[in-house]
Structures are given as C-alpha cells and as structure tokens.
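Just so you know, the sequences run in chain order A and B. The opening position of the first sequence corresponds to residue 1 in the working numbering, with each subsequent residue numbered one higher. The opening position of the second sequence corresponds to residue 321 in the working numbering, with each subsequent residue numbered one higher. For every residue, glycine included, the Cβ atom is placed at its ideal position computed from N, Cα and C. Since the model is a prediction, treat every value here as computed from it, not as a measurement. Structure first, then comments.
2 protein chains.
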Amino acid sequence: MRYGIGIDAGGTATRAVMLDEMGTCIGYGRAGAGNPTSAGTELATSNQVKAARAAIGASGIAPELVMLTLAGGLGNDQAPIMSKALSAVGIETDVRVAGDVMSAYFSATADPTGYLVLSGTGAISAQIVDGELAGLTDGLGWLLGDEGSGFWIGRRVVRAVAADLESRGPSTSLTGLVLAEVRNESSPDEDVRRPEVWHLMRRVYGQRPVECANFAPLALRAAAGGDAVARQILDDAATALLTSCASLVADDEHPVVLAGGLLHDGSPLSNALKTRYPGRCLRAHDGTAGAALLALRALGVTADSGSLNRIHETLAPLIG
Amino acid sequence: MRYGIGIDAGGTATRAVMLDEMGTCIGYGRAGAGNPTSAGTELATSNQVKAARAAIGASGIAPELVMLTLAGGLGNDQAPIMSKALSAVGIETDVRVAGDVMSAYFSATADPTGYLVLSGTGAISAQIVDGELAGLTDGLGWLLGDEGSGFWIGRRVVRAVAADLESRGPSTSLTGLVLAEVRNESSPDEDVRRPEVWHLMRRVYGQRPVECANFAPLALRAAAGGDAVARQILDDAATALLTSCASLVADDEHPVVLAGGLLHDGSPLSNALKTRYPGRCLRAHDGTAGAALLALRALGVTADSGSLNRIHETLAPLIG
Numbered sequence: 001m002r003y004g005i006g007i008d009a010g011g012t013a014t015r016a017v018m019l020d021e022m023g024t025c026i027g028y029g030r031a032g033a034g035n036p037t038s039a040g041t042e043l044a045t046s047n048q049v050k051a052a053r054a055a056i057g058a059s060g061i062a063p064e065l066v067m068l069t070l071a072g073g074l075g076n077d078q079a080p081i082m083s084k085a086l087s088a089v090g091i092e093t094d095v096r097v098a099g100d101v102m103s104a105y106f107s108a109t110a111d112p113t114g115y116l117v118l119s120g121t122g123a124i125s126a127q128i129v130d131g132e133l134a135g136l137t138d139g140l141g142w143l144l145g146d147e148g149s150g151f152w153i154g155r156r157v158v159r160a161v162a163a164d165l166e167s168r169g170p171s172t173s174l175t176g177l178v179l180a181e182v183r184n185e186s187s188p189d190e191d192v193r194r195p196e197v198w199h200l201m202r203r204v205y206g207q208r209p210v211e212c213a214n215f216a217p218l219a220l221r222a223a224a225g226g227d228a229v230a231r232q233i234l235d236d237a238a239t240a241l242l243t244s245c246a247s248l249v250a251d252d253e254h255p256v257v258l259a260g261g262l263l264h265d266g267s268p269l270s271n272a273l274k275t276r277y278p279g280r281c282l283r284a285h286d287g288t289a290g291a292a293l294l295a296l297r298a299l300g301v302t303a304d305s306g307s308l309n310r311i312h313e314t315l316a317p318l319i320g
Numbered sequence: 321m322r323y324g325i326g327i328d329a330g331g332t333a334t335r336a337v338m339l340d341e342m343g344t345c346i347g348y349g350r351a352g353a354g355n356p357t358s359a360g361t362e363l364a365t366s367n368q369v370k371a372a373r374a375a376i377g378a379s380g381i382a383p384e385l386v387m388l389t390l391a392g393g394l395g396n397d398q399a400p401i402m403s404k405a406l407s408a409v410g411i412e413t414d415v416r417v418a419g420d421v422m423s424a425y426f427s428a429t430a431d432p433t434g435y436l437v438l439s440g441t442g443a444i445s446a447q448i449v450d451g452e453l454a455g456l457t458d459g460l461g462w463l464l465g466d467e468g469s470g471f472w473i474g475r476r477v478v479r480a481v482a483a484d485l486e487s488r489g490p491s492t493s494l495t496g497l498v499l500a501e502v503r504n505e506s507s508p509d510e511d512v513r514r515p516e517v518w519h520l521m522r523r524v525y526g527q528r529p530v531e532c533a534n535f536a537p538l539a540l541r542a543a544a545g546g547d548a549v550a551r552q553i554l555d556d557a558a559t560a561l562l563t564s565c566a567s568l569v570a571d572d573e574h575p576v577v578l579a580g581g582l583l584h585d586g587s588p589l590s591n592a593l594k595t596r597y598p599g600r601c602l603r604a605h606d607g608t609a610g611a612a613l614l615a616l617r618a619l620g621v622t623a624d625s626g627s628l629n630r631i632h633e634t635l636a637p638l639i640g
C-alpha cells in the first residue's frame, strides 16, 4: 500500500491528513498558521511540519509524498523549504505545492476538469484542466479587484451608510445595522458633521482595509429584509462574480465549484451562480479533503469520485 | 493700522502672509510641512512658527491675530499649541484655527455665504454661511467616501485596466497608458496569469492606497482621446461630485468655488459643475490668500471683494 499526506495550510490553521492510495484517511493533525506570506516562512514551515507529524502519528508510516496547498500562486519556493524541514525530523519525502484554489476545487469533485468560483474576503475564479490549474481570473486583492467579494460588498455597505448619513444617498436599513456595530466611539465635541459619521470613520480607518469584509453579512441580512440598497449591492456583486467566472467557463458540462463564505448554500450570490450554471454547481468542502485528493493524483493512483467519497467518509471521524 | 497673519499649513509646505487691515500684504514666509496629522505636532508647529516669523520679517510688526488654516476638521487643539509656541519666541498674539476648505473658499470670493467643491486626492463639499463653516459633505477618505476624487478616479482606472487585461472588462486605451507607467517590474517565471497583471499588482500594492490618485490624469488624457471607458469613469465622477454638492447647495445665487487638481479650468469635472451652476462657479486660488482674508474677518474689519483683490495684487509680488 502507498501513502501520502495532504496539507491545507491556511492563514489561521494548518490541517494535514495521511491517507492510503484507496483514499482511506488514517491520520489527522492540526497546527497553527501555515501561510508563509502572512505568518512568515519559519513559523509557517514549523506548523506545516507539526501538522504532518501529527498526521503520521503513532502509525509511523513514511508518506511517499506530501501535497502542500497554500493561498496564492507564489508558494512554489515552499516545496524545497518544507522538504528540508521534514528531512530534518527524519521524514524523507517528495513535497509538491499547489494553490488553495486547487484544494477547494478537489474538495467538491474528482473531475479533473472544471471551474472554481470563490467569494470570501477576496474573490477569484479558476479553471482546472486535466488536474492542472489552467486559468485564473481576479483574485487581485481589495484595491485592484476581488469583484463580488466580502470586502467588495462590505466597502459598498459602509459607503452606502456614509451616503445615507449625509443625505447624499438613499435611506437604507444598513445604516442602523452598521451603526449598531460602531457605537460607543468618541467624536469631536463640536463639529458640523453628525457624530455617527465620525463613529463610522473611526471604525473604518481604525482597522485594516480588508476588515471591511466583516460588514458583508449585514448586506445579506438587510437584503433578506427587503432593503433595496442592500439588494442592489448583492445584485452587482453577483454580476461581478458571473462576469469573472464567464471569462473562464468554456463548456456546458464540467462542474462549477462554489467556495468561500459568501457562496454558502442559499446565499443570493450562490443562487445567481446556480441559475447561470444549472445542475453543475457543487459546494466546496474542507480544503483538507481536496489536498488529500491532490495527494492521490500526485501519487499517480486512481482518484475518482469513489476516492473522494472515501476521503470524506474517513476524514470526518478523524476530525471529530 | 491693525495687522494680522494668515497661514496656509499644508502637507508639504506652510505659507504665511502678514497683512494690514486694508488687505495690503507686507510680508511673506514659507516653511516645510505644517500639517500636525501627517507631519506630527512638533514639526508642524515649528514650521508654522518659522513661516510666521518670516512673514513678520524685518518689519518687526506684532500681529494682532494669527489665522491658521489646516486640513481636516480636527485642528482645534492646534490653536493653544501654536499660541504657546509663538509666545516662546516673543510673539504674543491671538491664534485662530480654521479648516483648509475655508481658506480655499475665501481665496476665490469674499462673499461670506456660498459653497466649495474640492476634488484633489480626496473630495469634499462645504457650505459657508456668514463666514462660518455650516456644512460638510464627504471628505470621508478613500475607503469610505471621496466620491469623484483623484483617488476615486485612479482606483477605477487601475481596476478597468485589470479587467481589460483579464478579458472580463471592455478594452480601453487606459491599459497602454497605465502599463507604460508600471513596466520593468519583475514577475514570477511561470504562472497562469499574464505578466502585465503581476506588474500592475506589484505597483498598486507597493504604494500607499491614496497614491492611486496619481493615475487619475490618465483618465483625463484617455477621455480627451475619446476612450469610452475613461469617459464613463469621468461621467460617474462628475455625477458623484454633483450629488455631494447638491446635498448642500440651498440657493441660486451664492458662489460655488471649485478647488483641487481635478477641478482646474477646462477639466470635464469642472465643466460639469459649471453647467449645473451657471455663472456662479469660481476657481480657487492660493490658499494663503484665503487665510489672509479670514484673518481680516477675524480682526473684524471690512473684508469685501476690494480687500480680496488687494490681497491677491499685493501677495503675488511677495511670492515672486
């Protein structure tokens, strides 16, 4: 029997799973932040090794291969670094690196060809052909792109609230929802502006820009309550995601995997994609499962829907 | 004869002018950054004092009053600080503080009631009633507002270029203009993205967000050449400025002063405002002249259009 490890190294947690060539998961491990860009190479590598060792655990099995999946497309330097770090703790193995769009895609389907649309804090679309990343659209960050993302929606939300407060935009229930979250901030004793405008400014500029994404759920809530401004923001976000995705989708059959917090089942954005691509939208699962399927593919063994089902069935009890 | 000093304390330079109650400027001084928020209180105050002492110069006249104009509305703490700093160098005088929207407004008109629309890096509209600031709209910064500003336009420019490069937006001549400014940046050896997309990302995220305003002039250039994308961006910017302004303008007679680099004579944004407010748009001049007029008003002496003309006529030769 041959064995591999799949690792999903994220900004806050790193999860690793050891599996056999049939897709049966036999060990699982977890560690802290594993993204070299945000956590630094040393800490991220240390956490990747820690998670891998925990996945090997008591079995003591030497994995033939480690598939490390990481945010962004700049992670290729990490393969030799991780390989050396594993070697230093007595694990001699081949390390491969792939983007987290790949682990998200293969968490939902074993089809080697298809598409991914992700809308979380950021937004990106990807095309996968024969198991390889073949195209990316957007994912360009909060200033240059991320059209239809949580940040994109949250930015529109706070701007709509500012415009409402200053009577230069339509009245919206978003104002009450946002102000409930930015209260108790001090404001200048006297000024020609409404104090609420100062409260909003202090909050928005007192946090990192991307944290505007935290206001996106308020758009979903207000839209569900019938607010026209919130509905327009979400309609525009759906249009932006569909436009990004449409620049990649080149067939009528392969799956379209929906990933990220804004594309959960039942969200207006998710519904818009399902209407556009009927019968082929799948919801992404745990990225660790996708990393595991990528490990099987890298081992060169069969990695079909049966394998993916087995991964999901045997991974769930390990996570507990 | 009574004397006052007007100071325009900006982010890069501080200019001070000594004038008599008739509006005749008799001394001028210049120093470095004078904005406490960006330069720090100590350096800003030191430069404000330096400019004021230079304006007093060889005349040795003690000003009855110093009118200090500063960006933003948070400068009220600066009056006692500046008063103490002047006292420490033997200048006992009354210090008043006003926002730079006031100095911009009174650089163009002595009418104590009217409006200001500014579009530079940021954008703000103001209402002035009986010489006092009576209303502000926008000026909320690049993330929350600044609708129709240089940043707002520049952000739209780089996003339009990204969309063009990724074939998810219309083709635009902005792409060539922007790429000419971001060339020679390195890109990963192999990637599924076009290298130009990397070049753009490195530039945009390698600078402070507000520096996107530097791309705004390219929109003016492309629009002048007939580019539809650039024209749409400028049309939207004009609409945003008109919307902000319209939330304050409450009469059909008082002046509308146009300030900031995007509202120079002949710009499409300036033309849109002149069409909306025919016969009453005035272009702002040097903020030092406005600070001088505010000093006259604070002295309680006549500050009419004759005074403003005298300020402009006698200030110009001093600046040289």
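query, result
"Leaving aside the five residues before and after B/Gly451 along the sequence, list all residues of the same chain whose C-beta is less than 6 Å from its C-beta, in chain order.", "Pro432 and Arg617"
"Please list, in chain order, the residues of the stretch 509-527 of chain B that have any C-beta partner in chain A closer than 8 Å.", "Asp511, Val512, Arg513, Val517, Leu520, Met521, Val524 and Tyr525"
"As an exercise, report each continuous beta strand (DSSP E) stretch of at least 3 residues that is fully enclosed by the stretch 213-284 of chain A, in chain order.", "256-259 and 281-283"
"In whole angstroms, what is the alpha-carbon distance linking A/Ala123 and A/Leu116?", "11 Å"
"Contact defined as beta carbons within less than 8 Å: I believe B/Val512 pairs with A/Leu133. What is the distance between those atoms, to the nearest angstrom?", "6 Å"
"Given a cut-off of 9 Å on the beta-carbon distance, is the pair B/Ala558 and B/Ala550 in contact?", "no"
"Helix, strand or coil for B/Gly607? Go by DSSP, reduced to three states.", "helix"
"Beta-carbon within less than 8 Å of B/Thr389's beta-carbon, same chain only, minus the 5 sequence neighbours each way: which residues are those?", "Gly326, Ile327, Asp328, Ala329, Val417, Ala418, Gly419, Asp420, Met422, Ser423, Gly607, Gly610, Ala611 and Leu614"
"Return the first residue and the last residue of the beta strand (DSSP E) that A/Thr137 is part of.", "Glu132 to Asp138"
"Counting only beta-carbon separations shorter than 9 Å, does B/Ala483 have a partner in chain A?", "yes"
"Judging by CA-CA distance, which residue of B/Leu339, B/Val621 and B/Tyr323 is the nearest neighbour of B/Glu633?", "B/Leu339"
"Determine, for A/Ala134, whether the minimum Cβ-Cβ distance to residues of chain B falls below 9 Å.", "yes"
"Using a Cβ cut-off of 8 Å, pull out every chain B residue sitting near A/Pro209, in sequence order please.", "Leu463 and Pro529"
"Quick check on the burial criterion: 16 or more other C-beta atoms within 10 angstroms. Buried or exposed for B/Ile639?", "exposed"
"Quick check on A/Ala58: buried or exposed, where buried means 16 or more other Cβ atoms within 10 Å of its Cβ?", "exposed"
"Using DSSP with H/G/I as helix, E/B as strand and the rest coil, what is B/Gly347?", "strand"
"In this structure, does DSSP put A/Gln127 in helix, strand or coil?", "strand"
"Considering B/Ile401, what are the terminal residues of the alpha helix (DSSP H) in which it resides?", "Gln398 to Ala408"
"For B/Leu438 versus B/Leu619, is the C-beta spacing smaller than 9 Å?", "no"
"Report the rounded CA-to-CA distance for B/Val577 versus B/Met387, giving the unit in angstroms.", "21 Å"
"Assuming contact is defined by CB atoms lying nearer than 9 Å, are A/Leu120 and A/Leu234 in contact in what I supplied?", "The identity of residue 120 of chain A in the sequence shown is Gly, whereas the question assumes Leu. Cβ atoms of A/Gly120 and A/Leu234: not closer than 9 Å."
"How would you call B/Met402, buried or exposed, if buried means at least 16 neighbouring beta carbons within 10 angstroms?", "buried"
"Is it buried or exposed, B/Ser407, if we count other Cβ atoms within 10 angstroms and call 16 or more buried?", "exposed"
"Any idea if A/Gly34 is buried or exposed, counting beta-carbon neighbours within 10 angstroms, 16 or more meaning buried?", "buried"
"If you draw a straight line from the alpha carbon of A/Glu278 to that of A/Ser270, how long is it in whole angstroms?", "According to the sequence shown, residue 278 of chain A is Pro rather than Glu. Each residue's alpha carbon lies about 11 Å from the other."
"Where do the ends of the alpha helix (DSSP H) carrying A/Arg53 lie?", "Thr41 to Ile56"
"B/Glu486 touches chain A at which residues, Cβ-Cβ below 9 Å?", "Leu136, Thr137, Asp138, Leu140, Gly145, Ser244 and Ser247"
"Report the neighbours of A/Arg159 on chain B: residues whose CB is nearer than 9 Å to its CB, in chain order.", "Leu460, Leu463, Leu464, Gly465 and Glu467"
"Can you tell me where the beta strand (DSSP E) with A/Ala180 in it begins and where it stops?", "Per DSSP, A/Ala180 belongs to no beta strand (DSSP E); it is in the alpha helix (DSSP H), Leu174 to Val182."
"Taking CB distances under 9 Å as the criterion, tell me whether A/Arg155 reaches chain B.", "yes"
"How many angstroms separate the CA atom of A/Arg283 from the CA atom of A/Cys245?", "15 Å"
"Using the Cβ count rule (16 or more neighbours within 10 Å means buried), how would you classify A/Gly266?", "exposed"
"Quick check on A/Ala9: does DSSP put it in helix, strand or coil?", "strand"
"Pull up the DSSP beta-bridge partners for B/Arg335, would you.", "B/Asp328 and B/Arg350"
"Can you tell me where the beta strand (DSSP E) with A/Met1 in it begins and where it stops?", "Per DSSP, A/Met1 belongs to no beta strand (DSSP E) and is neither H nor E."
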